[in-house]
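Everything below concerns the one structure shown next.
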Amino acid sequence: MYPSVPRWAARVFSAATAFLIIGGLAAAPALAQLDPPATTTSEAPPPSTPETPPSETPSEAPSPSEPAADAAPDLKLTATVEPGTYVNGQYIPINVTVTNNGEGVAKGVLGNAYAMPGSNVSTESFGWREFYFYQPGQPTPAPGGTIEPGASEKFVLKARASKQDEVDPRLRVFAGAQRELTPEDNEVVLTVPVLPATITGTLGGVVYGDANDNNVSDTGEGLQGVEVKLYVDGTTKTVKTDYYGRFDFRDMPAKQYYLTTSDGPQGWIIESPGDVIVDGSDKSANLAVRAERPLSETLTAKAEFGATTYKPGDVATVTVTLTNHGKKALTGIKVGCDRLGSAAHLVGYDREHWGELGYDGPGADLAVGETRVFQAHGEVTQGSQDQGIVYIACDFGDDDRYIFGFPNVYEYVKVPGKTADLGGVVYQDFNGNNTVDPGEAVSNLRFGVSGWKTGPVVAKTTTDVNGVAQFIRLPRGWYAPVVYGPWKIVDPEKLTNPMQYTDHFSVKVVPGPDNPEPVDTPPADPVPPADGGSGSGSSGGLASTGVEVFGPVAGGAAAVFAGILALFYARRLRRNEV
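If you read the sequence shown in my numbering, its first letter stands for residue -4, the second for the next number, and so on.
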């Protein structure tokens, strides 16, 4: 016979399963519903056991201070909404306390919160910690947590609600445990107060360049012509700041919105406002959106690897030099590296690897005119050999809200040992659509590749009738394209990575001054290394019309790093539209 399942757990599991199936929310456990416990319970008595004579050894008697072996837990749950004024789409803190008033240990304690019928409200599950009824990789219901007799566990849930038909949404919060004595006090139904959308207000303010660094919008600091975008319900509203730096979105329903700005004029770096609440008060009508000068105007950064080549498993060293050219001291400067994550990046940018510059360190201080040198290190990974290089892409600053203005370093050295094929198409983009269309390929053009940024041409070939240039078993790495004859590359600093894109790149050219081919350039298709080209890439030919840009692709050190920062910044600021 199978062991019986406690009824509280069965209720949790069956109700949650039914809700997930009916609502189609199996991938969103935070919204899973639990059936409320019955107002009265009738627990079956435990199976009888043969009586045993009392022990004649006094030391075996239970201690009076210890709970009896059959002592049961008795949970009580309380929940309140954090006081405040809330609007549609806003996260609302829910404070929950679960106390064990029984004499036994509460085991397998599980909790959940879900919307009452007719309400639109959800909570994020991580607030329950290990007490949430569903844990990834665990059976449902999950093992749950433990609460000792007389102890309490506190939780802060984040609810997100929408008011419908002028009725405030309601949320049921529930917890249960094995062998529960009085489950009727294990739940609370909360009314989540949300302002109706009929309340409106202005969302506006001023965008200003804080020239005197006093964090106040002073006369004459307004930035004109800044594009401000407001995202709401899948649409975008856009306005531009006026002569005084002012912008306004009027008669906006009470709601949480998301606000962004374009680049500032004259190089000003603007803090993106992000989430903004309209609740009918003046606070949303008088936002102060601050901009500051790029830190790179006063702080410069240089970096140099300790060797010219490495192999996987090596500890590479980097020397970093920072100089303060500004008129004020700098404090708390920290490093930020590998913002997007790359297998070829040097591993580690915490305090252990970067000292006081590490993201978890105190930060470095630089007096006016001071130059400081720092030593960093990190591990070279197998991914570096796969790409043929190990690199650092790091920025330095004191406030990530203005990351676009940080000075940065972008340096690499070789990690030899593998080869791959490299090929693509050379074309003229007559219609400007960044795609190789019929008639745009440039044939019979002498084409070569050199080391990125510096270095001689390492291989060359001639494009075929379809404009295709191809190199076989080229050492993996990053390369810059070179063309000969009366042609000019539109983006002369594009890079290639034979590991990731073995036969797909495109190089856009336009007629230009003649670039004669030197007589000392290497022959086409260089001889592969003696190892036979270990780990070589694609061995097949290239399609006659390649349309993908080879990658990782970037235009020079500054453009590469700007692209990385733009993607990081977009990820950091992205919010779900409400």
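Beta carbons are placed, not taken as given, at the ideal position from N, Cα and C, and that holds for glycine.
Please state the DSSP three-state secondary structure of residue i.
i	result
Phe500	coil
Ala280	helix
Met(-4)	Residue placement at Met(-4) is poorly supported in this model, since its pLDDT is 37, which falls under 50; the coordinates are not used for a value here.
Arg396	helix
Ala302	coil
Pro57	Below a pLDDT of 50, predicted positions are generally treated as unreliable, and Pro57, at 44, falls in that range; no measurement from the model is reported.
Gln251	strand
Glu347	helix
Val227	strand
Glu292	helix
Gln370	strand
Gly122	helix
Ala352	Per the sequence shown, residue 352 should be read as Leu rather than Ala. Three-state result, Leu352: helix.
Pro49	Any reading at Pro49 must be qualified, since the residue scores a pLDDT of 45, below 50, and its modelled position is unreliable; the value itself is stated next. In this structure, Pro49 counts as coil in the three-state DSSP scheme.
Gly262	helix
Phe244	strand
Ile387	strand
Asn429	coil
Asp360	strand
Arg285	strand
Glu365	coil
Asn83	strand
Ile194	coil
Gly200	strand
Asp274	coil
Ala23	For Ala23, the predicted model reports a pLDDT of 34, less than 50, meaning its position is unreliable; a value from the coordinates is still stated below. It is coil, neither helix nor strand.
Glu512	coil
Lys235	strand
Which residues bound the beta strand (DSSP E) around residue i?
i	result
Gln465	463 to 470
Glu406	403 to 409
Asp416	414 to 422
Pro157	Checking the sequence shown, residue 157 turns out to be Ser, not Pro. Where Ser157 is concerned, the enclosing beta strand (DSSP E) stretches over 147 to 157.
Ile579	The structure shown does not extend to residue 579, since the chain is modelled only from -4 to 573, so the question has no answer here.
Phe442	441 to 446
Ala66	Run containing Ala66: none; DSSP gives neither H nor E here.
Thr318	310 to 319
Thr214	Careful: Thr214 lies outside any beta strand (DSSP E) and carries neither H nor E.
Thr457	452 to 457
Gly140	140 to 142
Check the C-beta distance from residue i over to residue j and give it rounded, since I have them as a contact under 8 Å.
i	j	result
Val410	Gln380	5 Å
Phe121	Gly106	With a Cβ gap of about 12 Å, Phe121 and Gly106 do not count as contacting.
Leu166	Met111	7 Å
Phe442	Pro476	7 Å
Glu406	Gln423	Not really, about 34 Å apart at Cβ, beyond 8 Å.
Ser212	Val201	5 Å
Gly186	Ala154	Looking at the sequence shown, residue 186 is not Gly but Thr. Actually they are not in contact, since the Cβ atoms of Thr186 and Ala154 sit about 11 Å apart, beyond 8 Å.
Taking C-beta to C-beta, are residue i and residue j nearer than 8 Å?
i	j	result
Ala311	Val221	no
Val452	Val463	no
Leu218	Gly199	no
Gly392	Phe369	no
Val168	Ala108	yes
Glu77	Pro88	yes
Gly358	Thr314	no
Val408	Phe242	no
Val375	Asp309	yes
Val93	Leu70	yes
Thr115	Pro191	In the sequence as presented, Thr is not what sits at residue 115; that position holds Asn. No, Cβ-Cβ distance for Asn115 and Pro191 is not below 8 Å.
Ile272	Tyr397	no
Lys250	Asn83	yes
Gly99	Gly139	no
Gln377	Pro307	yes
Tyr252	Leu294	no
Asn319	Ala371	no
Asn439	Thr458	yes
Ala298	Ile194	no
Gly262	Pro289	yes
From the beta carbon of residue i, is the nearest beta carbon of chain C less than 8 Å away?
i	result
Val187	The structure shown contains no chain C; it is built from a single protein chain.
List the residues that DSSP assigns as beta-bridge partners of residue i.
i	result
Phe169	Asn107, Glu182
Trp482	Pro506
Ile328	Ala359
Pro574	Residue 574 lies beyond the range of the chain shown here (-4 to 573); nothing can be said about it.
Leu341	Partner(s): none; Leu341 has no beta bridge.
Ser117	Arg155
Tyr127	Gly106
Gly269	Leu254
Val162	Gln159
How far does the alpha helix (DSSP H) with residue i in it reach, from first residue to last?
i	result
Asp381	377 to 382
Arg174	From DSSP, Arg174 is part of no alpha helix (DSSP H); its letter is neither H nor E.
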